[in-house]
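In the UniProt record's numbering, the protein residues as written are 1 to 748.
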C-alpha cells in the first residue's frame, strides 16, 4: 500500500503525524455524520432515529400500553446504538418533554422532568413510555419500500438510514449539536406554517424567502414567551441560515404586582429568581420589595415581583430586568444539516424546504412503486388462479395423475412458476363456486388501483397534488396554533446609577435667594426651617430620591437636578448658582417634581399659559432650556399641579378679579407662550398696573383656600361656579376684603 512500510517482524509502520491526522479526520467525520448533526430527511440524529425505530419495533404505538423506559433503552443499546445508557436515556427524555420538543415523539408516564429543572427526570427503571401520536408522521411509511436500510453495528440486524418523514421535522422540532469544527442550532417552527410554505413551494417553485415568510412567520418555541426579533432580523436569518433570535418573558400587572407567566425557551424560573435576588442583595435593584414563585400544576410559570411602591415605573424596571437576567435571551441560529447528498451544509429556508421536498417526492415515488409492484404481483397471481378456476377439472386431474404437476401446469396453461406455486398452495375450499366473483372483484379493484398508481407516477402534476393533500392532512391532524407570538418591542436597557437610586420620600426646599436643600420624608414644614439672614422660604416639593427636581427661573427657563444629589436639610443648603447657570439678573421662582408623566400648568403673570408634562421640563445642562416665552415686562409664575383633566383652572389678578374655567381649554405644549388665561387691561405705561398674582388647578370635590393678609376664605365648588366663564375673559370681582390675594392653596 502507498505510504505504508513494514518492519522486520512484518508489522505495518506509519508516520505518527500521518496516522493521527487520519484518525482525527475519521473521528470528526463520525461525530459529524453519526452523532451531532440531524439529517434533512427526518430531522433526527442517529440516536433519536434509533430510539423511535426501536420503539416502533417493540409495538409501542400511541395506542399501545406503556412499557418501562429501561426496556426501550435496552433494545436501542443492544441492537442499534452501542453507547452509554445515560446519554441514550437523556436523548429519549428530551424527545418526551413538551417544554423541550415542540412536537414530542415520545409519550412519557412518570417523572420526565420539569420546565424549571429539565434534568430532574426519574431513572429509566421508574418511567414508562410509548410513541406519541406525532411519531406516526415519521414512521407510518417505514415498511413500504420508502427508505434504504443498513446493517446495525454487528451486522445481525438492519436499521433505516433515514425515516420517511411525511412532514419537514427538521424545522418543526429543530435541534442543536456540537460536532468537530462545526455545530448546528435549528429553532423549532409551527407545523401549520411550515406545511403552508411547502405547499407554496410545490405550487410556485420560484418563490423567494420573503414570500415563504408570509407563511413561516418565524420560529415557534414550546413556550408562550414572545419573540421580539424584528421581521428584518428574521428575514436575514432565513436568507443566510445564520443569526440569532431574541425571546422575552411575558408579564402582566396584577393588583400592583408584576406576574411573569411565560419564560423564554429552556429558561429556569428558579434561576431567574436567583438572578433578581442577587441584584437585590447587592442593592442594585432597590425598586423591588419581594419575590415569590407561585408556580403550580395549574400555573406552570407564575413568578411574582412586588415593587416597593405604586410610584415605581414598572416598564423601566422590567426593561432593566430583561437586560440583566434570563427574562430575555438570545438564541443562536445555525441551520447546518446533513443534506440528501450526505454532506453537512448551512442552508437557508428556501434551500432547506426545496431539498426536503425533493426527499419527500422521492419517498412518495418509492412508496407508490413499492405498492405498484405489490398490486402487479397480486394481479399476476389472481390471473393464474382464475385460469385454474376456469379449468378446475383438468387442473385437479393433472395434480392427481402427474408426478411433477407444477411443470405440467406451467406448460399446459402457460403459467409462471409463481402462479403454479400459488395454485398448488390454494386450499380446496377457496375453489368454491362463489370464488370466481371474489377473484374478478379483487382483480377489478386492483386494476383500478394499478391504473391510478401508474397515472400518478407518470404525472408530475398528480404527484404534486398527492403530496400537497398528504401535507394538508398531516397539518390538520398534528398542527396547532402558534405559541411564541412575534411582537415588536423596544430594546431592553439596563438602568444607570441614578435610575437605580432607592426611591425614598424627600422634600426639596427652595429659598427666596435661590438656596436649595433636601429633607428626608414628606412631613417637613419647610416654612419653619432656618434660613440665612435676609433669606426666606419660597417653594418646596415632595418627591422621591430617584426623581428629578425641576427649577424654574423668572425668565422662563427650566433646569433639573437629581433629587438625591441635593444637599441635606441639616444645614442651610447651597446656592443653585453653584451648579446651574441662569441668565444675569434672573432669580429662581419655583421647584417642582414628581413622576415624568405628571402635568403642570405653566403661566406668566401677564395672563398667558399652557399645560406641560414634567418630563418636557427636564434640562440636564447647566444653562437649562427656555420653556416659557414671556410677554414684555412679565415674569414666570410658580407652576400649578394638574390633578386630572377634570380640574378647573383658577386665575386671580392683583386687582381682585378671578376667573374659573376647565384647564383642558389650555393647549398641551412642551414650550412657548401659551394661550390667554385671563384678560388684563392694556397698560398705559411701562409700569405694570395689573397682573396675575395666583393660579391654581382645583380637582372635582376640592376647595380653594385664598389667603389675604391674616385672613383666608375657603371657596367650595359651588363658590367657584360663580366665577366661571370663558377662557380669556375678565372674570368677576372677589368679595370686599379679599381683593388683595397674597397666596392660594388647593385643599383636596
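Each residue gets a CB set at the ideal place from its N, CA and C atoms; glycine is no exception.
Buried or exposed by the 16-neighbour rule on C-beta atoms within 10 Å, applied to residue i
{"i": "residue 740", "result": "exposed"}
{"i": "residue 149", "result": "exposed"}
{"i": "residue 108", "result": "buried"}
{"i": "residue 19", "result": "exposed"}
{"i": "residue 602", "result": "buried"}
{"i": "residue 126", "result": "exposed"}
{"i": "residue 684", "result": "Per-residue confidence for residue 684 stands at a pLDDT of 49, beneath the threshold of 50, marking its modelled position as unreliable; no derived number is given."}
{"i": "residue 419", "result": "buried"}
{"i": "residue 1", "result": "With a pLDDT of 41 at residue 1, under the threshold of 50, the predicted position of this residue should be treated as unreliable, though the coordinate-derived value follows. With fewer than 16 Cβ atoms within 10 Å of its Cβ, residue 1 is classed as exposed."}
{"i": "residue 14", "result": "exposed"}
CB of residue i within 8 angstroms of CB of residue j, strictly
{"i": "residue 209", "j": "residue 229", "result": "no"}
{"i": "residue 746", "j": "residue 704", "result": "yes"}
{"i": "residue 95", "j": "residue 101", "result": "yes"}
{"i": "residue 277", "j": "residue 262", "result": "no"}
{"i": "residue 220", "j": "residue 482", "result": "yes"}
{"i": "residue 222", "j": "residue 98", "result": "yes"}
{"i": "residue 591", "j": "residue 508", "result": "yes"}
{"i": "residue 88", "j": "residue 106", "result": "no"}
{"i": "residue 200", "j": "residue 212", "result": "yes"}
{"i": "residue 141", "j": "residue 367", "result": "yes"}
{"i": "residue 450", "j": "residue 382", "result": "no"}
{"i": "residue 518", "j": "residue 563", "result": "yes"}
{"i": "residue 363", "j": "residue 164", "result": "yes"}
{"i": "residue 569", "j": "residue 561", "result": "no"}
{"i": "residue 348", "j": "residue 176", "result": "no"}
Beta-carbon proximity list for residue i, same chain, < 6 angstroms, skipping 5 on both sides
{"i": "residue 606", "result": "631 and 634"}
{"i": "residue 218", "result": "227, 234 and 486"}
{"i": "residue 559", "result": "551, 580, 619 and 624"}
{"i": "residue 30", "result": "none"}
{"i": "residue 656", "result": "733, 734 and 739"}
{"i": "residue 531", "result": "511"}
{"i": "residue 202", "result": "464 and 468"}
{"i": "residue 587", "result": "554"}
{"i": "residue 51", "result": "76 and 92"}
{"i": "residue 479", "result": "191 and 192"}
{"i": "residue 505", "result": "521 and 522"}
The ligand ADP heavy atom lying under 7 angstroms from the CB of residue i
{"i": "residue 278", "result": "Among the ligands in the structure shown, none appear at all, so the ligand ADP cannot be discussed."}
Per-residue DSSP class, three states only, for residue i
{"i": "residue 529", "result": "coil"}
{"i": "residue 627", "result": "coil"}
{"i": "residue 144", "result": "coil"}
{"i": "residue 238", "result": "helix"}
{"i": "residue 269", "result": "helix"}
{"i": "residue 589", "result": "strand"}
{"i": "residue 177", "result": "strand"}
{"i": "residue 680", "result": "coil"}
{"i": "residue 489", "result": "coil"}
{"i": "residue 507", "result": "strand"}
{"i": "residue 1", "result": "With a pLDDT of 41 at residue 1, under the threshold of 50, the modelled position of this residue cannot be trusted; read the value that follows with caution. Here residue 1 sits in coil by DSSP."}
{"i": "residue 707", "result": "strand"}
Cβ-based neighbour list, residue i, same chain, cut-off 8 angstroms, excluding 5 preceding and 5 following
{"i": "residue 417", "result": "406 and 410"}
{"i": "residue 10", "result": "none"}
{"i": "residue 128", "result": "66, 67, 68, 69, 108, 109 and 110"}
{"i": "residue 311", "result": "503, 544 and 595"}
{"i": "residue 307", "result": "256, 257, 258, 287, 288, 289, 314 and 317"}
{"i": "residue 712", "result": "705 and 706"}
Own chain partners of residue i with C-beta closer than 7 angstroms, once the 5 adjacent residues on each side are dropped
{"i": "residue 119", "result": "113"}
{"i": "residue 495", "result": "316 and 320"}
{"i": "residue 736", "result": "none"}
{"i": "residue 665", "result": "727"}
{"i": "residue 715", "result": "703, 704 and 706"}
Bridge partners - residue i, DSSP secondary structure assignment
{"i": "residue 290", "result": "306"}
{"i": "residue 559", "result": "551"}
{"i": "residue 55", "result": "According to DSSP, residue 55 bridges with nothing at all."}
{"i": "residue 600", "result": "612 and 641"}
{"i": "residue 253", "result": "258"}
{"i": "residue 328", "result": "248"}
{"i": "residue 697", "result": "649"}
{"i": "residue 300", "result": "Beta-bridge pairing links residue 300 to no other residue."}
{"i": "residue 459", "result": "Residue 459 pairs with nothing; no bridge assigned."}
{"i": "residue 370", "result": "Bridge partners of residue 370: none, in fact."}
{"i": "residue 185", "result": "176 and 334"}
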